[in-house]
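Residue numbers (the UniProt record's numbering): 1 to 594.
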């Protein structure tokens with residue numbers, strides 16, 4: 001009778017063990033497959049570590065432990081996939097702001113849904129309430145409220161009416177409007193944002209590159225150490241083979257690098273997604289690293305710290321011309337320039353002189369040299385006039401001086417207003433321990449006034465575009481990380497020379513290409529938030545690394561004294577990985593800037 005019971009119990013145990021083996025094989029065949037095939041591809045990762053642990057546990061007769069290892073590792077993979085999926089979903093939401101079609105109004109008034117890539121510049125489109133704006137356009141008729149949060153990160157809607165520009169990706173909240181397309185699909189605001197976001201995910205930081213190299217070396221080293229733990233102690237008589245092989249398996253599982261390999265790239269990925277929600281496009285993890293250690297922020301003046309809406313504030317005649325003639329000849333010289341100062345002068349002059357220009361040459365950072373019949377016309381900075389041998393009266397601080405035939409005839413003063421958020425931006429940066437400075441081609445008098453209004457730590461004035469690069473380099477010292485913030489006009493060289501180039505809005509293609517960060521809202525107040533977010537990302541990553549290493553060393557230490565089991569090691573690794581991932585995904589829960 002006893003023999004029969006023992007036989008039955010043995011059979012039940014064999015069946016139970018067989019079911020555990022089958023369950024592990026079915027649940028973890030993909031893990032085992034990746035682990036084994038990785039060897040042939042010279043890629044040794046956590047899949048191989050778990051495969052070794054499970055198979056070795058079977059050989060030791062620890063079927064329950066093997067099943068627990070397999071189960072917990074699969075749970076870990078599931079939770080990681082969910083967390084990574086949530087992060088990817090956040091970024092995908094950003095890249096889904098471009099509608100695929102547009103409602104194009106034909107000459108007969110018929111509205112046709114047309115693929116957005118087929119719509120031409122100048123076509124008339126209809127944007128209905130709740131529609132997303134398909135292409136950059138200008139309103140021809142109608143008025144509405146527009147939600148630009150997907151573009152700029154600003155949560156409050158703005159009113160738009162006839163003549164106002166609408167960026168693609170914005171949402172029409174209320175009224176039906178008709179608009180004229182101003183940019184093809186590939187050059188639209190939404191398309192450029194999508195391109196920047198997609199490119200940013202591919203840019204690896206130093207930390208990401210290091211952890212990739214680290215993982216490639218780390219896993220083989222762990223397997224070698226585990227092999228030594230399994231072999232050396234029993235060879236010198238410190239215990240049984242079973243005990244030390246089991247201890248080596250605990251060591252292998254405890255040292256699994258999942259948390260380290262996942263949390264670092266996921267942290268940067270989540271940081272880029274969170275910044276995008278706030279209207280800040282960061283072109284990769286390495287720029288998050290640089291923003292986090294930012295020590296100095298250097299700003300261009302016109303269009304960055306000031307509103308860029310230049311107006312003529314004063315016209316003064318110095319010789320035989322009247323003030324109206326000084327303005328008119330200045331406008332005549334500046335009419336072909338795209339510089340904001342030039343445009344403001346031309347806009348102020350309703351009628352140009354009847355004389356014809358024979359030639360026009362724009363000199364970067366100085367002004368314009370033109371030829372009238374028998375006379376040279378110079379319009380620009382005092383440096384331009386002095387370089388041509390013209391005597392400039394002392395005490396003139398105007399932006400634009402006019403010389404005709406080698407004589408200074410007068411000047412035009414052009415100015416703009418400091419942005420409402422510029423002073424608060426400087427204050428927030430100082431609170432973060434960041435020094436502030438300004439580089440400008442404007443006069444020292446104007447620069448000093450703006451620097452005083454904003455409480456800047458330093459400024460440089462009367463700079464040519466190439467001088468701005470030298471000015472930036474003079475502000476950089478050992479151990480400093482310097483950002484340059486500009487609106488894009490003549491700023492590409494200095495953006496490229498800085499540690500972090502920050503472009504304000506979508507000014508010029510060259511500036512956006514050279515920049516590392518784009519403030520889509522076009523407001524400097526977005527910068528302090530980007531610095532705070534970057535520091536938070538780096539702090540979370542450092543915390544995750546420290547937390548993972550502490551737990552792993554603790555479990556490894558316990559295993560060497562026989563105080564931890566394989567399933568405990570897996571549970572600790574899963575817990576560390578999941579907590580690290582959840583810690584990182586908190587970045588995506590901050591919402592948009594209010």
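Heads up, the beta-carbon is just placed ideally off N, CA and C, and yes, glycines get one too.
Contact under 8 Å by Cβ, residue i with residue j
i, j, result
"residue 144", "residue 165", "no"
"residue 252", "residue 223", "yes"
"residue 267", "residue 517", "no"
"residue 124", "residue 105", "yes"
"residue 540", "residue 280", "no"
"residue 421", "residue 525", "yes"
"residue 300", "residue 419", "no"
"residue 501", "residue 464", "no"
"residue 474", "residue 461", "no"
"residue 401", "residue 413", "no"
"residue 439", "residue 472", "yes"
"residue 369", "residue 405", "no"
Rounded C-alpha distance that separates residue i from residue j
i, j, result
"residue 433", "residue 395", "38 Å"
"residue 107", "residue 366", "48 Å"
"residue 113", "residue 134", "11 Å"
"residue 186", "residue 179", "18 Å"
"residue 309", "residue 399", "15 Å"
"residue 177", "residue 417", "32 Å"
"residue 122", "residue 142", "18 Å"
"residue 17", "residue 535", "Bear in mind that a pLDDT of 48 at residue 17, under 50, signals an unreliable position, so the number given afterwards is only what the model happens to contain. Each residue's alpha carbon lies about 51 Å from the other."
"residue 486", "residue 504", "6 Å"
"residue 569", "residue 587", "28 Å"
"residue 391", "residue 358", "24 Å"
"residue 277", "residue 558", "44 Å"
"residue 363", "residue 410", "20 Å"
"residue 139", "residue 480", "46 Å"
"residue 323", "residue 393", "17 Å"
"residue 118", "residue 285", "35 Å"
"residue 491", "residue 567", "58 Å"
Outcome for residue i when other beta-carbon atoms lying within 10 angstroms are tallied against a minimum of 16
i, result
"residue 241", "exposed"
"residue 115", "exposed"
"residue 98", "buried"
"residue 521", "buried"
"residue 431", "exposed"
"residue 320", "exposed"
"residue 594", "Note that residue 594 scores 36 on pLDDT, short of 50, meaning its location in the model is unreliable and no value can be drawn from it."
"residue 127", "buried"
"residue 304", "buried"
"residue 312", "buried"
"residue 6", "Confidence at residue 6 is low in this model, with a pLDDT of 45, below 50, so its placement is unreliable and no value can be given for it."
Simplified DSSP state of residue i, which is helix, strand or coil
i, result
"residue 237", "coil"
"residue 139", "strand"
"residue 296", "strand"
"residue 371", "strand"
"residue 411", "strand"
"residue 311", "strand"
"residue 283", "coil"
"residue 180", "strand"
"residue 496", "helix"
"residue 425", "helix"
"residue 265", "helix"
"residue 387", "helix"
"residue 355", "coil"
"residue 189", "helix"
"residue 340", "helix"
"residue 134", "coil"
Neighbourhood of residue i by C-beta, 7 Å cutoff - its chain only, sequence neighbours within 5 removed
i, result
"residue 331", "345, 346, 349, 352"
"residue 445", "397"
"residue 229", "244, 247, 248, 251"
"residue 157", "145, 146, 147, 173"
Close Cβ partners of residue i (< 6 Å) along its chain, the five nearest in sequence each way excluded
i, result
"residue 476", "482"
"residue 297", "429, 434, 436, 483"
"residue 551", "572, 576"
Sequence-distant residues of its chain with Cβ nearer than 8 Å to residue i (five each side left out)
i, result
"residue 387", "366"
"residue 580", "259, 262, 263, 544, 547, 548"
Check: residue i C-beta below 7 Å from any heavy atom of the ligand NAP
i, result
"residue 539", "This structure lacks the ligand NAP, and indeed carries no ligand of any kind."
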